[in-house]
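Student: Mind having a look at this structure? Questions to follow.
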Amino acid sequence: MTRAPQPHPDGSVNCPAIAAAGAAAVQALYAENIAAAARLRACYDLYTVCEDEQERRDLAAGYDPEIDLRPEHAVIDPFHIACAEIVAAYGVHNNRARTLLTRARTLITRFPTLVEA
0 MTRAPQPHPD GSVNCPAIAA AGAAAVQALY AENIAAAARL RACYDLYTVC EDEQERRDLA
60 AGYDPEIDLR PEHAVIDPFH IACAEIVAAY GVHNNRARTL LTRARTLITR FPTLVEA
């Protein structure tokens, strides 16, 4: 998307250097948004992998969700496992990782086209 040149505030003729710098700033913003969407998708994918792995472990331990109300083995919440992986990968605090993962889950499940940028 290309931005149309804007008149200078004092009414002078457009300055090509300012227009080019403004266009570069807009392109950087688009690149940042694309990177943020990719980060959210990666966090959501990490969560689904953790969820699938926990389900695989449950089934390997003999847990049947249709029969058993509660598993008779230790279960670690896939959300916490994914948060720990985000903390290790990004070097952020656990609260930041939880917020990032919660936002990723919300945006991908409720507004998938928003993150498909």
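48 is the number that numbering that gives the first Met the number 0 gives to position 49 of the sequence shown; each next residue is one higher, with no gaps.
Backbone N, C-alpha and C define an ideal beta-carbon position, used for all residues, glycine too.
(1) Could you check the C-alpha separation between Arg55 and Cys49 for me, to the nearest Å?
(2) Rounded to a whole number of angstroms, what is the C-alpha to C-alpha distance between Ala60 and Ala73?
(3) Could you check what DSSP says for Ala54 in three-state terms: helix, strand or coil?
(4) Please classify Gly21: does DSSP put it in a helix, a strand, or coil?
(5) Please classify Asn13: does DSSP put it in a helix, a strand, or coil?
(6) Any contact of the stretch 17-35 with the stretch 83-97, i.e. 3+ C-beta pairs under 8 Å?
(7) Checking 9 Å against the spacing of the C-beta atoms, do Cys42 and Leu100 come in under that value?
(8) I'd like to check one pair, Arg97 with Tyr89: are the Cβ atoms closer than 9 Å?
Tutor: The relevant details are as follows:
(1) 10 Å
(2) 10 Å
(3) In the sequence on display, residue 54 carries Glu and not Ala. Glu54: helix per DSSP, three-state reduction.
(4) helix
(5) coil
(6) no
(7) yes
(8) no
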